[in-house]
């Protein structure tokens, strides 16, 4: 009986994740999300810390991570400008999909209302805390411990800021992932 219940819970979780992926424009692969989800489930319950997402685009990954955060009883803190990529002069080549990389100011924008609407519809908004603003402005005042961090940013400067600000917040045994 317990095995059947466990299977149904897992099947329901997978179904929710697939629904979110189908209905929200995502800039990640299933394999990337599975890696992050496995890391979240691997953190022992007695370890403190929230889940942090840096960069959320339209909220596809946020919806998925919110479902998992709720399942493990952790809060998902989402850092994003909700204005897209900042002005930059960094050189880029190709995306993970082999397309020409274009990281112009404003690209990959998902407005806060769009992200919260997507998460409310396809995820679990009650598990989320949205932190709007540029990373260098919002992350320095963040003081919570982090069990799992997911950095999905496109600029080297943004990655550097996230690593500098989030890595010291990792709980012992915590994980910081980037795609």
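In my numbering, the protein residues as written are 1 to 179. Idealized CB from N, CA, C, for every residue including glycine.
Report buried or exposed for residue 154, applying the criterion of at least 16 other Cβ atoms within 10 angstroms of its Cβ. Buried, since its Cβ has 16 or more Cβ neighbours within 10 Å.
Nonlocal neighbours in the same chain, by C-beta distance under 6 Å from residue 36, ignoring five residues either side: When the five nearest sequence neighbours on each side are left out, the beta carbons in the same chain lying within less than 6 Å of the beta carbon of residue 36 are those of 150 and 177, in order along the chain.
Rounded to a whole number of angstroms, what is the C-alpha to C-alpha distance between residue 163 and residue 18? Their Cα atoms are separated by approximately 30 Å.
So, at 6 Å on beta carbons, what are the nonlocal neighbours of residue 139 in its own chain, with the 5 sequence-adjacent residues on each side left out? Apart from sequence neighbours up to five positions away, the residues of its chain that approach residue 139 with a beta-carbon distance below 6 Å are 165, ordered along the chain.
Taking the beta strand (DSSP E) that residue 77 belongs to, which residues open and close that run? Its beta strand (DSSP E) spans residues 76-80.
For residue 167, does the count of other Cβ atoms within 10 angstroms reach 16, so buried, or fall short, so exposed? Label assigned to residue 167: exposed.
Just checking my contact of residue 16 with residue 67 at CB under 8 Å: how many whole Å lie between their CB atoms? Confirmed, Cβ separation roughly 5 Å.
Among 175, 29, 20 and 65, which residue has its Cα nearest to the Cα of residue 97? When each option's Cα is compared against that of residue 97, the closest is 29.
Give the range of the beta strand (DSSP E) segment to which residue 130 is assigned. Per DSSP, residue 130 belongs to the beta strand (DSSP E) from 128-132.
Straight-line gap, residue 135 to residue 79 (C-alpha atoms, nearest Å): The straight-line gap from Cα to Cα measures roughly 7 Å.
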